[in-house]
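Notes for the one structure printed next.
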(Lines of atoms letter the chains of each structure in order from A and count residues from 1; the text may use other names and numbers.)
(Lines give C-alpha, C1' and ligand atoms only; values in the text may rest on other atoms or scores of the structure.)
Protein backbone atom coordinates (compact mmCIF):
# COMPACT_ATOMS: atom_id res chain seq x y z
CA UNK A 1 0.00 0.00 0.00
CA UNK A 2 1.15 3.51 -0.73
CA UNK A 3 -0.21 7.05 -0.87
CA UNK A 4 0.34 9.35 -3.86
CA UNK A 5 1.27 12.99 -3.38
CA UNK A 6 -0.38 15.12 -6.05
CA UNK A 7 1.73 18.09 -7.10
CA UNK A 8 1.06 20.91 -9.50
CA UNK A 9 2.98 20.77 -12.78
CA UNK A 10 3.00 22.43 -16.18
CA UNK A 11 1.33 19.47 -17.86
CA UNK A 12 -1.29 18.41 -15.30
CA UNK A 13 -4.14 20.49 -13.99
CA UNK A 14 -5.27 19.82 -10.44
CA UNK A 15 -8.64 20.82 -9.02
CA UNK A 16 -9.61 21.50 -5.40
CA UNK A 17 -13.04 20.64 -4.02
CA UNK A 18 -14.14 21.87 -0.58
CA UNK A 19 -16.29 19.13 0.93
CA UNK A 20 -18.60 19.74 3.86
CA UNK A 21 -19.46 16.04 4.04
CA UNK A 22 -15.78 15.06 4.39
CA UNK A 23 -14.75 18.18 6.32
CA UNK A 24 -11.75 18.54 4.00
CA UNK A 25 -10.46 20.06 0.83
CA UNK A 26 -9.96 17.33 -1.77
CA UNK A 27 -7.48 17.48 -4.63
CA UNK A 28 -8.44 15.68 -7.85
CA UNK A 29 -6.66 15.25 -11.17
CA UNK A 30 -9.31 16.11 -13.76
CA UNK A 31 -12.40 18.19 -14.36
CA UNK A 32 -14.38 14.94 -14.67
CA UNK A 33 -13.30 13.92 -11.16
CA UNK A 34 -14.10 17.43 -9.91
CA UNK A 35 -17.64 17.12 -11.30
CA UNK A 36 -17.96 13.70 -9.66
CA UNK A 37 -17.20 15.31 -6.30
CA UNK A 38 -20.47 17.27 -6.55
CA UNK A 39 -22.44 14.06 -7.15
CA UNK A 40 -20.79 12.34 -4.19
CA UNK A 41 -21.15 15.36 -1.91
CA UNK A 42 -24.91 15.56 -2.45
CA UNK A 43 -25.67 11.85 -2.75
CA UNK A 44 -27.79 10.70 0.22
CA UNK A 45 -26.45 7.14 -0.10
CA UNK A 46 -22.80 8.16 0.46
CA UNK A 47 -21.75 8.87 4.06
CA UNK A 48 -18.13 9.73 3.27
CA UNK A 49 -15.78 9.78 0.29
CA UNK A 50 -12.06 10.19 -0.16
CA UNK A 51 -10.22 11.34 -3.30
CA UNK A 52 -7.00 9.54 -4.23
CA UNK A 53 -7.13 7.00 -1.38
CA UNK A 54 -4.30 4.67 -0.47
CA UNK A 55 -3.07 2.79 -3.54
CA UNK A 56 -2.15 -0.85 -3.96
CA UNK A 57 -0.10 -3.09 -6.22
CA UNK A 58 -1.43 -5.70 -8.62
CA UNK A 59 0.26 -8.15 -11.00
CA UNK A 60 -0.09 -7.61 -14.72
CA UNK A 61 1.85 -9.66 -17.25
CA UNK A 62 4.38 -10.70 -14.61
CA UNK A 63 5.03 -7.18 -13.32
CA UNK A 64 3.97 -5.45 -10.10
CA UNK A 65 2.02 -2.32 -11.09
CA UNK A 66 0.87 0.42 -8.76
CA UNK A 67 -2.71 1.71 -8.86
CA UNK A 68 -4.57 4.43 -6.95
CA UNK A 69 -8.37 4.54 -7.35
CA UNK A 70 -9.97 7.93 -7.99
CA UNK A 71 -12.34 7.68 -5.03
CA UNK A 72 -13.05 5.54 -1.98
CA UNK A 73 -16.73 5.56 -1.02
CA UNK A 74 -18.30 4.63 2.30
CA UNK A 75 -22.07 4.28 2.52
CA UNK A 76 -24.20 4.59 5.65
CA UNK A 77 -23.82 0.84 6.36
CA UNK A 78 -20.01 1.32 6.44
CA UNK A 79 -19.55 -0.68 3.22
CA UNK A 80 -16.48 0.40 1.25
CA UNK A 81 -16.31 0.60 -2.53
CA UNK A 82 -14.00 2.26 -5.03
CA UNK A 83 -14.89 4.48 -7.96
CA UNK A 84 -12.82 5.04 -11.07
CA UNK A 85 -13.75 8.02 -13.25
CA UNK A 86 -12.52 7.93 -16.85
CA UNK A 87 -13.73 9.31 -20.19
CA UNK A 88 -15.28 6.77 -22.55
CA UNK A 89 -12.42 7.10 -25.08
CA UNK A 90 -10.04 5.73 -22.45
CA UNK A 91 -12.30 2.87 -21.34
CA UNK A 92 -12.66 1.77 -24.97
CA UNK A 93 -8.94 0.88 -25.11
CA UNK A 94 -8.25 -2.85 -24.76
CA UNK A 95 -5.14 -2.33 -22.60
CA UNK A 96 -7.19 -0.32 -20.08
CA UNK A 97 -9.84 -3.08 -19.93
CA UNK A 98 -7.24 -5.81 -19.40
CA UNK A 99 -5.53 -3.88 -16.61
CA UNK A 100 -8.85 -2.95 -14.99
CA UNK A 101 -9.85 -6.62 -14.71
CA UNK A 102 -6.67 -7.25 -12.71
CA UNK A 103 -7.31 -4.20 -10.51
CA UNK A 104 -10.84 -5.36 -9.72
CA UNK A 105 -9.54 -8.58 -8.21
CA UNK A 106 -7.91 -6.58 -5.40
CA UNK A 107 -9.17 -7.85 -2.02
CA UNK A 108 -11.47 -5.51 -0.09
CA UNK A 109 -9.91 -3.54 2.79
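Residue numbers (the numbering used here): 360 to 468.
Every residue gets a Cβ at the ideal spot worked out from N, C-alpha and C, and that includes glycine.
| Item | Value |
| --- | --- |
| Tell me whether the stretch 428-447 and the stretch 399-411 touch, counting them as touching only if at least three CB pairs, one residue from each stretch, are closer than 8 Å. | yes |
| Where residue 377 and residue 398 are concerned, what is the direct C-alpha to C-alpha distance, given to the nearest angstrom? | 13 Å |
| Determine the closest residue to residue 389 out of 463, 445 and 449, with distance taken between C-alpha atoms. | 445 |
| Give a yes or no on whether the C-beta atoms belonging to residue 380 and residue 400 are separated by under 8 Å. | yes |
| Let's see if you can read the secondary structure: which residues bound the alpha helix (DSSP H) around residue 460? | 453-463 |
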